[in-house]
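Heads up: the structure comes next, in structure tokens.
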Amino acid sequence: MSSLLRPAPEGALLQARVTPKASADRLGPLHDDRLKIAVTSPPDKGKANEHVARLLAKKLDLPKSAVEVVAGATDRAKTLLIRGLSVEQVRDKLGL
282 MSSLLRPAPE GALLQARVTP KASADRLGPL HDDRLKIAVT SPPDKGKANE HVARLLAKKL
342 DLPKSAVEVV AGATDRAKTL LIRGLSVEQV RDKLGL
């Protein structure tokens, strides 16, 4: 199993590389076992982290409260907890 997705008691952990202040929101491609996520929000007072959680929740058909940055809040490399979905379900919904 790659380190991109790992099981967690509440769901799945996703490794991501976030680019704030991008020209458009987008998910992918993979880079060094991390999903690249670009968001238009600036990295100011957690705005980019909130935007990442909303974007991922929308793509996964989950409420935004189901996606949380659990590591790397001030770093581009982040770990996101996705509650309520298994590793396999996340992989299928994101096409990984």
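Its first residue numbered 282, the sequence shown is counted upward by one per residue in the working numbering. A virtual CB, placed ideally from N, CA and C, is assigned to each residue, including glycine.
- With fewer than 16 other beta carbons inside 10 angstroms of its own, G327 counts as exposed.
- Taking a 10 Å sphere around the C-beta of S322, we find 16 or more other C-beta atoms and assign the residue as buried.
- Around the beta carbon of A358, fewer than 16 other beta carbons lie within 10 angstroms, which makes this residue exposed.
- Counting along the chain, R298 sits inside the beta strand (DSSP E) bounded by residues 292–300.
- With fewer than 16 neighbouring CB atoms inside 10 Å of its own CB, H312 falls in the exposed class.
- Annotation for H332: V320, S322 place their beta carbon closer than 6 Å to its own, counting only its chain and skipping 5 residues before and after.
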